[in-house]
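Protein chains: 2
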Amino acid sequence: MGTRGTALEMAVLGLLHDTPLHGYELRKQVTGLLGWGRVLSYGTLYPCLKSLVRRGLIAAGSCTAETRRTRITYSLTTDGRARFAALATDAGPMAWDDDNFGVHFAFFAHSDARTRVRVLEGRRSRLEERLDQARTALPRTRGGRDDPYTRELQRHGIESVEREVTWLTELIETERARSTPLEAPAGTPTPKETTP
Amino acid sequence: MGTRGTALEMAVLGLLHDTPLHGYELRKQVTGLLGWGRVLSYGTLYPCLKSLVRRGLIAAGSCTAETRRTRITYSLTTDGRARFAALATDAGPMAWDDDNFGVHFAFFAHSDARTRVRVLEGRRSRLEERLDQARTALPRTRGGRDDPYTRELQRHGIESVEREVTWLTELIETERARSTPLEAPAGTPTPKETTP
DNA sequence: GTTAGCATGTAAGGAGTTACATGATTTT
DNA sequence: AAAATCATGTAACTCCTTACATGCTAAC
């Protein structure tokens, strides 16, 4: 009965980690967090907030400052902060799947470089498994439709995933350089940019 | 109450258009149709087949040929064929969205070049709308989190969509050349490949 | 003969959407 | 004063997944 959608939950906790927000604003920010084409609906958000309040992870407070209207400002509790830290540090399979990876990535600033590397590698190997399946499925006429459009769609899909793997590989190298500065030449400043 | 998931329905009808199949095999083919990471579950497929049978779009028949076991072979009825033709010819907004575009594309061989162009253009303008939103959302620190990882995620998302737009543009040009051969020089043979 | 894979289904429930219902505040 | 936008919520419904339940056939 309790809403347990980890991705949305983490997004809310992470956004409230920076600053308290009310539902209407949260919706806009959650929607824009990943490049989701689809907007998050209130029918999902408000029940989720309710559940988080009930579990003591966030607190609902009437607005105090500013000449403001009937809106409810939510902020993280101590428990909520701990919960978010646990989610951000998690580098298990949950962080690799399509639904959760984006949110985990968006809040990488809240985890250490080791965790980031493990999440990125997990994501990459998941995509590589998918590529293996797709590549073996392509040549067989038997079982798969031999249609130029179907083929082109699959080719394009494979190409997209390959590009994502390349992206991940670059990020992994950057992060590895950060987590093991032992092998770095003396005097190398800590890199600031994710993509130089 | 009736299953009305257009994407799955179209995929099933389209696959049965080529040849009769039983559920187990259908599942594999539907799963591999688009590059979907996720596999289609029986809990979705079988109720869908049931619904299609009830509506007279497909017929369930025991297998006749081959030394085969207890499996139910489904084939398209006349109504089903008509329904599929209608879906394949549809170039409206339904064909543009994330869920349906892939299936429509996979069965482009069953529609004319005019329809194909309209679907591809619709899809492209939808992605371009998304890009406009994302691009205007990027520069503002106000409202959006100013975090290097969040930014990188959004940058990567935008890049992916841009690449998809390019892909669509190339396809549109190819299809336009097919639908209006008036301007083609005499003696030009009909192109066979989607990507030369 | 028993294990592994083929094949078909159902029940319960999660996650999210749409549509609805309501009201306050700001802008025109 | 009307319209637009901000803001919060609920109810019903859809689509899909997981987990379960069942039995046939082929291979070892």
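Chains as they are written, first to last, in this note's numbering: chain A, 1 to 196; chain B, 1001 to 1196.
Ideal Cβ placement from N, Cα and C applies to all residues, glycine included.
| Check | Outcome |
| --- | --- |
| Euclidean distance between Cα positions of A:C23 and B:V1119 | Per the sequence presented here, residue 23 of chain A reads as Gly, with Cys not at that position. Roughly 36 Å separates the two Cα atoms. |
| Through-space distance from B:A1086 to A:Q29, alpha-carbon basis | 39 Å |
| Interface partners of A:H156 on chain B, CB under 7 Å | W1167 |
| CB contact below 7 Å: A:L153 versus chain B | yes |
| Same chain, Cβ closer than 7 Å to A:D99, five either side skipped, listed in chain order | A7 |
| Residue of B:L1040, B:R1081 and B:S1062 minimising C-alpha distance to B:L1052 | B:R1081 |
| DSSP three-state assignment for B:L1073, whether helix, strand or coil | The displayed chain sequence assigns Thr, not Leu, to residue 1073 of chain B. If DSSP states are grouped into helix, strand and coil, B:T1073 belongs with the strands. |
| Residue environment, A:A88, which counts as buried when at least 16 other CB atoms sit within 10 Å | buried |
| A:R130: contacting residues in chain B (beta-carbon distance under 7 Å) | G1037 |
| Within-7 Å CB hit, A:F101 to chain B | no |
| Close beta carbons around A:L26, own chain, < 7 Å, minus the five adjacent residues each side | V12, L15 and L45 |
| Selection from A:F108, A:V39, A:M10 and A:G157 that minimises the alpha carbon distance to A:L57 | A:M10 |
| CB contact flag (A:F105, B:L1153, <7 Å) | yes |
| Beta-carbon gap between A:T31 and A:A59 smaller than 7 Å | no |
| Cβ of A:A113 within 7 Å of any chain B Cβ | no |
| Residue(s) in a DSSP beta bridge with A:H17 | In DSSP, A:H17 forms no bridge with anything. |
| Cut-off 6 Å between Cβ atoms - residues of its own chain near A:R214, not counting five sequence neighbours on either side | Nothing can be reported for residue 214 of chain A: it is not among the residues displayed for chain A, which extend from 1 to 196. |
| Unbroken beta strand (DSSP E) run spanning B:S1062, endpoints | I1058 to S1062 |
| For A:E159 and A:V165, the rounded distance between their alpha carbons | 10 Å |
| Any chain A beta carbon closer than 7 Å to B:F1108 | yes |
| 7 Å Cβ cutoff, A:G23 in contact with chain B | no |
| When A:K50, A:V161 and A:Y149 are compared against B:H1110, the one with the closest alpha-carbon | A:Y149 |
| Among A:R155, A:R145, A:D147 and A:E121, the one whose alpha carbon lies nearest that of A:L131 | A:R155 |
| Residues near B:A1091 in its chain [Cβ-Cβ closer than 6 Å; skip 5 each side] | T1115, R1118 and V1119 |
| Where the segment 70-89 of chain A meets chain B: residues whose CB sits under 8 Å from a CB there | none |
| Residue(s) in a DSSP beta bridge with A:H22 | A:T73 |
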